[in-house]
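Our numbering applies: residue 723 is where the sequence shown begins, and numbers increase by one.
By construction, the Cβ of each residue, glycine as well, lies at the ideal position given by its N, Cα and C atoms.
Treat the numbers as computed from the prediction; the structure is a model and nothing was measured.
Working notes, structure below.
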Amino acid sequence: MSNNVKTKNDEEIMHFLNASDRMIKGIDALRKRNRPMLQGQRYLTDEELSRRLHVNRRTLQDYRDMGRIPFVKLGGKVLYKEEEVEKLLQENYHPRFEE
């Protein structure tokens, strides 16, 4: 019977721990990107939409005030239907001018 004790400094254990860390980080990244559906619709928060459109949250507030972007407000939380945002972007798309 072998009395070899594996420690955290053992190469095999270190490899396992590093692989576990990478898997946990990957799962966390997927979890953060995943948006659960509500009645078949995905909703974006103010923060998510501002990052996606590369505008600040104050600009989104201006868009809401001007009626340029549809939104849902529940309590103090503002949500945007992802489908409506995509539709709005498609409707306002201007292809580049070709000479």
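#1: Using a threshold of 8 Å, state whether the C-beta atoms of residue 794 and residue 801 are closer than that.
#2: Look up residue 783 in the DSSP assignment and say whether it is helix, strand or coil.
#3: Using CA coordinates, which residue listed in 766, 753 and 746 is at the minimum distance from residue 792?
#4: When we look at the beta-carbon of residue 752 and count the other beta-carbons within 10 Å, is it buried (16 or more) or exposed?
#5: Drop a sphere of 10 angstroms on the beta-carbon of residue 811, count the other beta-carbons inside from all chains shown, and report buried for 16 or more, exposed for fewer.
#6: If I measure Cβ to Cβ from residue 779 and keep anything under 8 Å in the same chain, skipping five residues before and after, which residues do I get?
#7: Considering only residues of the same chain and omitting the five flanking positions on each side of residue 735, which have a CB-CB separation below 8 Å?
#8: CA-CA distance, residue 814 and residue 790?
#9: Have a look at 805, 742 and 820 and flag the residue whose alpha-carbon is nearest the alpha-carbon of residue 762.
#10: Output the distance between the C-alpha atoms of residue 739 and residue 726, rounded to the nearest integer angstrom.
On the basis of the coordinates in this document:
#1: yes
#2: helix
#3: 766
#4: Residue 752 comes out exposed.
#5: Exposed is the call here.
#6: 768, 769 and 772
#7: Excluding its 5 nearest sequence neighbours in each direction, residue 735 has C-beta neighbours in its own chain below 8 Å: 728 and 729, listed in chain order.
#8: 11 Å
#9: 805
#10: Spanning the two alpha carbons is a distance of roughly 19 Å.
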